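Enquirer:
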């Protein structure tokens, strides 16, 4: 097997018994790094420390991932203009922050007989939000609700030009 020392130095190709003896003398563990390589590669190291570093690396990678949230805003077919503007403003804010948004339009009672009002409203919402997001799930009925999902547009952020020092 090919042996790598505790500090990363190459110790050459040695028999398994000799490698285990060398690791025992150095009071470290012998860890197989690449079992499929010809010959297999082993490294002398403190295995507990190695596992700790790997877990820490995985934890840091997990922290760097952005958590995508879905924000929901509810409308009714009879939503007034003032309320409509406030809800659309909230939707724009959510999309600019990078969150997905779920627009729910709920029908009650006899409103189910006049679904065209809801479809017109949801189409207006889609048009108002076109500069800010893209439709990921087109409007569809789920029971008494008309649901549409929007995702943020992929916008390339422009770096602010750095101020040159004044002389």
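Residue numbers (the working numbering): 4 to 170. Idealized CB from N, CA, C, for every residue including glycine. Source: prediction; values computed, not measured.
#1: Along the beta strand (DSSP E) that carries residue 103, what are the first and last residues, could you check?
#2: Identify whether residue 71 lies in helix, strand or coil by the three-state DSSP scheme.
#3: Kindly list the residues whose CB is nearer than 6 angstroms to the CB of residue 101, restricted to its own chain and excluding five residues on each side of it in sequence; keep chain order.
#4: If you follow the alpha helix (DSSP H) that residue 113 is in, where does it begin and where does it stop?
#5: In whole angstroms, what separates the C-alpha of residue 75 from that of residue 113?
#6: Quick one: Cα of residue 145 to Cα of residue 82, how far?
#7: Near residue 5, which residues of its chain fall below 6 angstroms by C-beta distance, leaving aside the five closest residues on each side in sequence?
#8: For residue 91, which residues from the same chain have a beta carbon less than 8 angstroms from its beta carbon, with the 5 sequence-adjacent residues on both sides left out?
#9: In the DSSP assignment, what are the bridge partners of residue 78?
#10: Could you check what DSSP says for residue 141 in three-state terms: helix, strand or coil?
#11: Take every Cβ of the stretch 66 to 75, pair it with every Cβ of the stretch 115 to 125, and state whether three or more of those distances are shorter than 8 angstroms.
#12: Roughly how many angstroms separate the alpha carbons of residue 138 and residue 88, rounded to a whole number?
#13: In chain order, what residues of the same chain have a beta carbon less than 8 angstroms from the beta carbon of residue 36, not counting five sequence neighbours either side?
#14: Along the chain, where does the beta strand (DSSP E) that runs through residue 35 open and close?
#15: What are the boundary residues of the beta strand (DSSP E) that includes residue 46?
#16: Between which two residues does the alpha helix (DSSP H) holding residue 92 run?
#17: What whole-angstrom Cβ distance do residue 104 and residue 153 have, given they're in contact under 8 angstroms?
Expert: From the atom records:
#1: 103 to 109
#2: coil
#3: 155
#4: Note, residue 113: premise wrong, no alpha helix (DSSP H); not H, not E.
#5: 24 angstroms
#6: 20 angstroms
#7: 16, 42 and 44
#8: 128, 131 and 132
#9: 108
#10: strand
#11: no
#12: 19 angstroms
#13: 7, 44, 45 and 46
#14: 32 to 37
#15: 44 to 48
#16: 84 to 99
#17: 5 angstroms
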